[in-house]
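Line order of the protein sequences matches chains H and D. 718 is the number of the first residue of the first sequence in my numbering; add one for each residue after it. 718 is the number of the first residue of the second sequence in my numbering; add one for each residue after it. So the structure is just underneath, and the comments pick up after that.
Number of protein chains: 2
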Amino acid sequence: MGRWEPGGSSRLREAALELFLEQGFDETTAGEIAQRVGLSERTFFRHFGDKKEVLFGGSEEFQREMIAAVADAPVGPSPLGVVASGLAKAARFFPDEARDYSRKRWRILGENPALQERELLKMAAIASGIGAVLRDRGVPEPAATLAAESGITVFRLAFERWLAPDEHRPLAEIERAMFVELGAVVAGS
Amino acid sequence: MGRWEPGGSSRLREAALELFLEQGFDETTAGEIAQRVGLSERTFFRHFGDKKEVLFGGSEEFQREMIAAVADAPVGPSPLGVVASGLAKAARFFPDEARDYSRKRWRILGENPALQERELLKMAAIASGIGAVLRDRGVPEPAATLAAESGITVFRLAFERWLAPDEHRPLAEIERAMFVELGAVVAGS
Numbered sequence: 718m719g720r721w722e723p724g725g726s727s728r729l730r731e732a733a734l735e736l737f738l739e740q741g742f743d744e745t746t747a748g749e750i751a752q753r754v755g756l757s758e759r760t761f762f763r764h765f766g767d768k769k770e771v772l773f774g775g776s777e778e779f780q781r782e783m784i785a786a787v788a789d790a791p792v793g794p795s796p797l798g799v800v801a802s803g804l805a806k807a808a809r810f811f812p813d814e815a816r817d818y819s820r821k822r823w824r825i826l827g828e829n830p831a832l833q834e835r836e837l838l839k840m841a842a843i844a845s846g847i848g849a850v851l852r853d854r855g856v857p858e859p860a861a862t863l864a865a866e867s868g869i870t871v872f873r874l875a876f877e878r879w880l881a882p883d884e885h886r887p888l889a890e891i892e893r894a895m896f897v898e899l900g901a902v903v904a905g906s
Numbered sequence: 718m719g720r721w722e723p724g725g726s727s728r729l730r731e732a733a734l735e736l737f738l739e740q741g742f743d744e745t746t747a748g749e750i751a752q753r754v755g756l757s758e759r760t761f762f763r764h765f766g767d768k769k770e771v772l773f774g775g776s777e778e779f780q781r782e783m784i785a786a787v788a789d790a791p792v793g794p795s796p797l798g799v800v801a802s803g804l805a806k807a808a809r810f811f812p813d814e815a816r817d818y819s820r821k822r823w824r825i826l827g828e829n830p831a832l833q834e835r836e837l838l839k840m841a842a843i844a845s846g847i848g849a850v851l852r853d854r855g856v857p858e859p860a861a862t863l864a865a866e867s868g869i870t871v872f873r874l875a876f877e878r879w880l881a882p883d884e885h886r887p888l889a890e891i892e893r894a895m896f897v898e899l900g901a902v903v904a905g906s
C-alpha cells in the first residue's frame, strides 16, 4: 500500500501504473515509463530507485506511521483496543483521493506473486513492530503478539474491502466493522 | 517446520543442522555436509534438491496435511472451532521426538532473515488454503479469512512455545491454551 503522492513524481507514477496494467510489471522497463511522459530514463531514476519503488515507495514511512500510531494510542481497555485505536489513526494515510491509485496498485500486485510476497512481508514487519510496541507498553506475551497479528489481519481485510469497486466508506469505518466481525468469529468458537 | 524423518537421509540432515548451527546456513555447502558423514556431494543431491530442502523438505506435505485436517474437521459450532479442530489433528505432524530437530531448525531460521521469510510465506500459504477450505464449507467472508488467519496466528505462537527449552506439553495442548488466550485478547477489546 505504497503512498499516494500528489505532484513531483506523479506523472511518472501514473504512467508506470498504466504500463504495469497494460503489459505487466515484469514486462515494463523504466525507460518505457519515462518515454510515455516524454522524460528520460535518467529522470525516472532521479525519482525512483527502481520500478518496484513506484509501488513500494513510502512503505517505510507507512510502516513507521502505523507502529507510531499504536505506540501513541491512549491507554485502552485492552491491547487489541490499543491496536484498533492506532490503526484508526493511521487510516488517514489512505484518504479517499488515494483510493483510485490504491485500486490500480492492488490489481498490479494481484497479477504478480513476487510483488504480493513483498507486500506480505511488509505487513508481517508491521505486525512484528506493533507487537514490540505493545510489549514496551507492558503487555505480556502471548497477548502482545496475538493483538498485533489480529490487528494486522483486520487491517488487511479492511484495506481489501476499502478497495472494492462498490465500497465507499472510509477505511477507519471499515476497520471498526471488521473488528466487530473478528469479535464474532472468536466469540463463537 | 520441515518434517522430521527417521532413517534414510537422517544422517545427512543431522550433519547439515550441525554445520548450519556451527558456521551459518549461507556459509555451508552441500559438499561439506556430505563430507562430514563420509558421503559424496552427489549422494547429498540424491536426497535433497538443495541445502534449503534440508530445512523445508516435507513443507508441502505439512501444508497439505494442515489444510486437509481443516477440510475434514467435523462440523463445529463456529469457523474458528473448525480451524482449531483441524490444527489439533495436524499437531500429530509434530510428535515429541521431532522437538529436538525442530528446535535446532528454529535456531537456524532465527539467524537467517531469508529463511524466516520463506517460513512466513509458507504459513501465509497455509492460512490462504484454510480460508479457501472454509469458504468451500460455506463460511462467508470475512469470517472465513478471519478464522483462517487467527488460527494460523495461534498455531505459530503455539509452535514457538512448543520449542521453548522449558516447555514439555504436547503441541495440541499448547494450541488449546493459545486459543483461550486469543479469546481473552479479543473479548477484552
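Backbone N, C-alpha and C fix where the C-beta goes; we use that ideal spot for every residue, glycine too.
Separation of the CB atoms of H/Ile869 and H/Ala844 is rounded to 4 Å, and the pair is thereby assigned contact status at 8 Å. The residues Val799, Ser802 and Gly803, in chain order, have a CB closer than 6 Å to that of D/Ala790 in the same chain once the five nearest residues on each side in sequence are set aside. The shortest CA-to-CA distance from H/Arg730 to any of H/Leu772, H/Phe742 and H/Met895 is the one to H/Leu772. In this structure, DSSP gives H/Asp789 a helical state, which the three-state scheme calls helix. Runs of the alpha helix (DSSP H) spanning 4 or more residues and lying entirely within the region 782-844 of chain H occur at 796-807 and 816-827, in chain order. For D/Ala860, the nearest CB of chain H lies under 8 Å from its own CB, placing it at the interface with that chain. Counting along the chain, the unbroken alpha helix (DSSP H) around H/Val903 starts and ends at Leu888 to Ala904.
Interface annotation, H/Met783: not in contact with chain D, CB-CB separation never under 8 Å. Between D/Val902 and H/Ala805, the CB-CB gap reaches or exceeds 8 Å.
Nearest Cα to D/Glu858 within the set D/Phe765, D/Gly748, D/Leu797 and D/Arg753: D/Leu797. Taking C-beta atoms under 8 Å as the contact rule, H/Phe876 and H/Leu888 qualify, at a distance of about 7 Å.
Within the region 736-763 of chain D, complete alpha helix (DSSP H) segments of at least 4 residues are found at 747-753, given in chain order. Minimum Cα-Cα distance from D/Gly846 among the listed residues D/Ala864, D/Ala831 and D/Gln833 corresponds to D/Ala864. Shown here for D/Ala732: same chain residues with a beta carbon closer than 6 Å to its own, the five before and five after excluded, namely Ile750, Arg753 and Val754 in chain order.
In this structure, DSSP gives D/Ser726 a state outside helix and strand, which the three-state scheme calls coil. Under the DSSP assignment, D/Val771 falls in the alpha helix (DSSP H) whose first and last residues are Lys769 to Phe773. Only Glu866, Ser867, Thr870, Leu874 and Met895 from the region 865-895 of chain D bring a Cβ to less than 7 Å from some Cβ of chain H. Among the CB atoms of chain H, one or more fall inside 8 Å of the CB of D/Gly900.
A direct Cα-Cα distance of roughly 53 Å separates H/Asp883 from D/Phe762. The beta carbon of D/Thr760 is closer than 7 Å to those of Ala751 in its chain, skipping five residues each way along the sequence.
Counting of Cβ neighbours within 10 angstroms places D/Arg781 among the exposed residues, the total staying below 16.
With a cutoff of 8 Å on beta-carbon distance, H/Arg820 and H/Leu880 are scored as near each other. Between H/Gly848 and chain D, the shortest Cβ-Cβ separation is not below 8 Å. H/Ala807 is outside the set of residues whose beta carbon lies under 8 Å from a beta carbon in chain D.
Secondary structure at D/Asp883: coil, using DSSP grouped into helix, strand and coil. For D/Val871, the three-state secondary structure derived from DSSP is helix. In this structure, DSSP gives H/Arg854 a state outside helix and strand, which the three-state scheme calls coil. Rounded to whole angstroms, the Cβ separation of H/Gly774 and D/Pro794 is 46 Å, and the two are not in contact under 8 Å. In the displayed model, H/Phe765 falls within coil according to three-state DSSP, outside both helix and strand.
For the C-beta of H/Glu731, not a single chain D residue is nearer than 8 Å; the gap to the nearest is close to 31 Å. Taking C-beta separations shorter than 8 Å and ignoring five residues to either side along the sequence, the partners of D/Ala788 in its chain run Gly803, Val850, Asp853 and Arg854, following chain order. Taken residue by residue, none of the region 759-792 of chain H has a beta-carbon sitting less than 7 Å from a beta-carbon on chain D. Within the same chain, Pro887 come within 8 Å of D/Asp813 by CB-CB distance, once the 5 residues on both sides are set aside.
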